[in-house]
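*Asks:* Below are the structure tokens for one structure; questions will follow.
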Amino acid sequence: MKKNICFIVNNADYFISHRINIANELLKNGDTVELYAPFPSVKSYNYLLEKNIKVFSLPFSREKIAFSGIIKTFLMSFQLGIKNNSIFHLVTIIPIILCGIPLRILNKCCIFSVSGLGTVFISKKYKYKLLKYLVMIIYRFLFNGKKSKLIIQNMDDYFFFKDVIKIKENNIELIKGSGVDPNNYPYYSELPKSECPIILFPARLIKEKGIHEIINASRILNKKNFLHEIWIAGDVDPGNPSSLKSLEIEALKKDNPSLKFLGFRNDIALLLSKCTIVCLPSYREGLPKALIEAAACGRAIITTDVPGCREIVSHEKTGILVKVASALDLSIAIENLLIDQNKMEVLRRQAYNDYLNEFTSNAIVNKIISIYTKLLNI
Numbered sequence: 001m002k003k004n005i006c007f008i009v010n011n012a013d014y015f016i017s018h019r020i021n022i023a024n025e026l027l028k029n030g031d032t033v034e035l036y037a038p039f040p041s042v043k044s045y046n047y048l049l050e051k052n053i054k055v056f057s058l059p060f061s062r063e064k065i066a067f068s069g070i071i072k073t074f075l076m077s078f079q080l081g082i083k084n085n086s087i088f089h090l091v092t093i094i095p096i097i098l099c100g101i102p103l104r105i106l107n108k109c110c111i112f113s114v115s116g117l118g119t120v121f122i123s124k125k126y127k128y129k130l131l132k133y134l135v136m137i138i139y140r141f142l143f144n145g146k147k148s149k150l151i152i153q154n155m156d157d158y159f160f161f162k163d164v165i166k167i168k169e170n171n172i173e174l175i176k177g178s179g180v181d182p183n184n185y186p187y188y189s190e191l192p193k194s195e196c197p198i199i200l201f202p203a204r205l206i207k208e209k210g211i212h213e214i215i216n217a218s219r220i221l222n223k224k225n226f227l228h229e230i231w232i233a234g235d236v237d238p239g240n241p242s243s244l245k246s247l248e249i250e251a252l253k254k255d256n257p258s259l260k261f262l263g264f265r266n267d268i269a270l271l272l273s274k275c276t277i278v279c280l281p282s283y284r285e286g287l288p289k290a291l292i293e294a295a296a297c298g299r300a301i302i303t304t305d306v307p308g309c310r311e312i313v314s315h316e317k318t319g320i321l322v323k324v325a326s327a328l329d330l331s332i333a334i335e336n337l338l339i340d341q342n343k344m345e346v347l348r349r350q351a352y353n354d355y356l357n358e359f360t361s362n363a364i365v366n367k368i369i370s371i372y373t374k375l376l377n378i
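Per full-length UniProt numbering, the sequence shown starts with residue 1, numbered consecutively.
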């Protein structure tokens, strides 16, 4: 039976980087794929059309969510559900809530992908504490539907949704990330030969990804005259209150020449070929694709001992885990690993072996498509 899968996301570029492998497999099987995202760029729109993915614009913006946009999105989702017998795959909090409520009311087949808990659950600010309880109530309604499946990426989140939010156990699917295609992220057997080692930070420039820690770790290393460069491959996130601002970046460039702000990049494999270490001092993750990409390319990993990151890195076996929100610990880990080349070699090779066993795109895509099939049979 041919399927019609309708993805609803908050960013078309994120869909291309994290879900395109699923779409490719569906299309190869003769299924149809639709994508709903707010205002996709011309480049993304054309790329998706070339792949025979139907693209539609959602009437809201992450940068500024207007009340009119919320209402329009809500009504549009009702119309979608009434007219369409698709399986709906909703990704991240805003699409899940705005589009999920109408679809759940209409008893549609819905898959909800929650990639980590996000700012609402992590932040200690009072406004987020209030919002958290409202979101928990909505999640409980959405994810406990007879035709609902919740995909989470790590065991910490699994127990949180099962025990705290009270989601039925048979409605939860644990799938470790989006997978990485070895054809796109080749293994580099040799480390770059450079006098100045490069550490890659591949993430958005927001507090929760550890941007302040990597900047301050670089400052500490500079004070010790430890030669290094930090390549920051990510962009500001105007829709996130914890994001760095453009003016802050300009000031940092002048203050610390060891920091290289590269902006958003779609050639991460090339950057990985030029770096020695990948560093992601995140506060919490679902399962960071950036670290899987690092393992696939054979790069040493330093990350934090938090949910999501420790699903990928086993301390002193496949990488180094450091204390969250500690620039000092991070700087020490970077320095020690760059000095100990033998350890680096062991860690990166074992990380690559783990990637081959658990995190290739084929394994992940097949698991997700099997969930679509299960839903159709309910």
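All C-beta atoms, glycine included, are put in the ideal place defined by N, C-alpha and C.
To the nearest angstrom, how far is the alpha carbon of I96 from that of V114?
*Replies:* Going from the Cα of I96 to the Cα of V114 covers about 9 angstroms.
*Asks:* Can you give me the C-alpha to C-alpha distance between D13 and D156, rounded to a whole angstrom?
*Replies:* Near 27 angstroms, if we compare the C-alpha coordinates of D156 and D13.
*Asks:* First and last residue of the alpha helix (DSSP H) that includes K83?
*Replies:* Per DSSP, K83 belongs to the alpha helix (DSSP H) from F67 to K83.
*Asks:* In this structure, does DSSP put A294 in helix, strand or coil?
*Replies:* Correct three-state label for A294: helix.
*Asks:* Keeping to the same chain, check which residues put their C-beta closer than 7 angstroms to that of L262; ignore five residues upstream and five downstream.
*Replies:* Only W231, I232 and A233 meet the Cβ criterion.
*Asks:* Is the region 181-192 close to the region 83-93, with three or more CB pairs under 8 angstroms?
*Replies:* Judged by Cβ distances under 8 angstroms, the region 181-192 makes no contact with the region 83-93, as fewer than three pairs qualify.
*Asks:* Please state the DSSP three-state secondary structure of I97.
*Replies:* Three-state DSSP puts I97 in a helix.
*Asks:* So, do the region 309-317 and the region 196-203 have three or more beta carbon pairs nearer to each other than 8 angstroms?
*Replies:* No contact exists between the region 309-317 and the region 196-203.
*Asks:* How far does the alpha helix (DSSP H) with I167 in it reach, from first residue to last?
*Replies:* Here I167 belongs to no alpha helix (DSSP H), and DSSP marks it neither H nor E.
*Asks:* Let's see if you can read the secondary structure: which residues bound the beta strand (DSSP E) around Y36?
*Replies:* Per DSSP, Y36 belongs to the beta strand (DSSP E) from T32 to P38.
*Asks:* How close, in whole Å, do the beta carbons of I364 and L330 come, if the pair is a contact with beta carbons under 8 angstroms?
*Replies:* About 29 angstroms separates the two Cβ atoms, so there is no contact after all.
*Asks:* Bridge partners for F161 per DSSP, in chain order?
*Replies:* DSSP lists no partner for F161.
*Asks:* Suppose you measure from the CA of E358 to the CA of E173; what does that come to, to the nearest Å?
*Replies:* Rounded to the nearest angstrom, the two C-alpha atoms are 16 angstroms apart.
*Asks:* Could I get the ranges of all uninterrupted beta strand (DSSP E) runs contained in the region 214-253, with 3 residues as the minimum, in chain order?
*Replies:* You should have 229-232.
*Asks:* Should the region 321-336 be called in touch with the region 161-177, which here means at least 3 C-beta pairs below 8 angstroms?
*Replies:* As far as the Cβ criterion goes, the region 321-336 does not touch the region 161-177, which means the pair count is below three.
*Asks:* Candidates S326, Q153, Q79 and F161: which alpha carbon is nearest F141's?
*Replies:* Among S326, Q153, Q79 and F161, the Cα nearest to that of F141 belongs to F161.
*Asks:* Quick test of the definition: if touching needs 3 or more C-beta pairs under 8 angstroms, does the region 272-283 touch the region 333-346?
*Replies:* The region 272-283 vs the region 333-346: in contact.
*Asks:* Where I369 and K108 are concerned, what is the direct C-alpha to C-alpha distance, given to the nearest angstrom?
*Replies:* Taking the straight line joining both Cα atoms gives about 17 angstroms.
*Asks:* Are there any heavy atoms of the ligand MG lying less than 8 angstroms away from the beta-carbon of R219, as far as the coordinates show?
*Replies:* The ligand MG is not part of this structure, which contains no ligands at all.
*Asks:* Of the residues I206, I8 and N4, which one's Cα is nearest the Cα of P281?
*Replies:* Checking every option, the nearest Cα to that of P281 belongs to I206.
*Asks:* Whose CA, out of I65, S44 and L80, lies closest to the CA of V55?
*Replies:* Nearest of I65, S44 and L80 to V55, Cα basis: S44.
*Asks:* Please name the residue, chosen from K245, G81, A251 and D31, that lies closest to R204 on a Cα-to-Cα basis.
*Replies:* With distances taken between Cα atoms, R204 lies closest to K245.
*Asks:* Using 9 angstroms as the threshold, is the C-beta distance between A333 and E213 below it?
*Replies:* Cβ atoms of A333 and E213: not closer than 9 angstroms.
*Asks:* I think I82 touches I111, with their Cβ atoms under 8 angstroms apart; what is that distance to the nearest whole Å?
*Replies:* Not quite, the Cβ-Cβ distance comes to about 19 angstroms (not below 8 angstroms), so this is no contact.
*Asks:* Can you tell me which residues form a DSSP beta bridge with S148?
*Replies:* DSSP output for S148 lists C110 as bridge partner(s).
*Asks:* If we ignore side chains and look at the alpha-carbon of each, how far apart do S258 and P202 end up?
*Replies:* The straight-line gap from Cα to Cα measures roughly 16 angstroms.
*Asks:* Nearest to L270 by CA position, among L252, K254, A296 and E250, is which residue?
*Replies:* The option with the nearest alpha carbon to L270 is A296.
*Asks:* Quick one: what does DSSP say A203 is sitting in, helix, strand or coil?
*Replies:* Three-state DSSP puts A203 in coil, outside helix and strand.
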